[in-house]
Amino acid sequence: MGKTPCCDKTKVRKGLWSPEEDEILKNHIEKYGTGGNWITFPQKAGLNRCGKSCRLRWVNYLRPDIKHEAFTLEEDNIIYILYSILGSKWSIIASHLQGRTDNDVKNHWNTNLKKKPMAAVYRYPTNNIETTTAAADLSTSTTNTLVPTFSAPETSAIMPCLTESSKNPSFSSSSQQDSTISETFSQLGENFMFGNGSCSEGIPMDNIDYGYEILSEIWSQEAAIEGVPNLY
DNA sequence: AATACTCCCAACCGCCAGTAC
DNA sequence: GGTACTGGCGGTTGGGAGTAT
């Protein structure tokens, strides 16, 4: 099957969208919808753009339900967890964050999160390999790095710590948050491996939040697909 | 003030899967 | 079953904005 171009790249406009183009795109979709076909959309809307470009602009930026504010620490935590389980499945990760697009999440990961040590923390248990470049601290290493592997119950112990950290008003700066969370995790590694039932900061384990619900759901789905026994 | 450098994000590219014919 | 076409995805890049020198 040969690759067919979606439009004549030499004749369509490229680069940043002007406010006028945004307005045309938005108005046309509000009035007529996408028409179910992005390739013919630019012609109908009177835009000198590639259909794919129109789709991307709408999906990633102009859609009314898109959030344009900064990522919260709580969202960061979810991204960390899901990335460690799923890898670079940005669309799936984004689907768990209301108002965020795959492009948003990918950019945020590449520019902010992957440099931080927390990116090396989670691994999904059972049949996953134990080495990964993706979950490693890429700011200091370019080779495969061994990272901790946590079981589902262990991860459930981590979640309250993360959530508590993200909600704690005493955290005054992001660097303070980062170092505290990293510290919590380094201690957690020893603590709950020996099953003492609490985080290093004494936060009880029975406060499982929605992050864990997401994990459970994914584990169930993965287990169903891969024939891996469901732990929950 | 001018230049160099870095960071970040919007947008593009190319591939793949699904579907229609 | 084979081909053409489209939508969607992940990887990558270009360039504007901010910061350092």
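Remember, my numbering sits 27 above the position in the first sequence when you count from 1.
Note that the Cβ used here is the ideal one computed from N, Cα and C, for glycine as well.
V132 sits in a helix when the DSSP states are folded into three classes.
Of all alpha-carbon atoms in N137, E96 and Q125, the one lying nearest the alpha-carbon of G114 is that of N137.
Here DSSP, grouped into helix, strand and coil, assigns R82 to helix.
With at least 16 other beta carbons inside 10 angstroms of its own, N104 counts as buried. Counting other Cβ atoms within 10 Å of its Cβ, D131 reaches 16 or more and is therefore classed as buried.
Taking every protein chain shown into account, the CB of S118 has fewer than 16 other CB atoms within 10 angstroms, so this residue is exposed. Here the alpha carbons of L52 and L89 stand approximately 9 Å from one another. Ranked by Cα distance from E48, the options C34, K36, T67 and A72 are led by A72.
G63 is classed as exposed because its beta carbon has fewer than 16 other beta carbons within 10 Å across all chains shown. The C-beta separation of I93 from T128 comes to about 7 Å, placing the pair in contact by the 8 Å criterion. In the structure shown, K141 falls within a helical segment according to DSSP collapsed to helix, strand and coil. Taking a 10 Å sphere around the C-beta of H123, we find 16 or more other C-beta atoms and assign the residue as buried. Taking 4 residues as the shortest admissible run, the region 55 to 82 contains the following complete alpha helix (DSSP H) segments, listed from N- to C-terminal end: 68 to 72. A straight line joining the alpha-carbon of L140 with that of Q125 spans about 19 Å. Straight through space, the alpha carbons of I56 and L74 are spaced by roughly 12 Å. In the displayed model, I112 falls within a helix according to three-state DSSP. Shortest Cα-Cα distance from N87 to any of N54, P69, N134 and D35 involves N134. The C-beta distance from C34 to C77 rounds to 4 Å, short enough to meet the 8 Å contact threshold. Buried is the label assigned to E102, since at least 16 other Cβ atoms lie within 10 Å of its Cβ. In the three-state reduction of the DSSP assignment, E101 falls in the helix class, which pools H, G and I. Burial state of P69 is buried, judged by a 10 Å Cβ sphere holding 16 or more other Cβ atoms.
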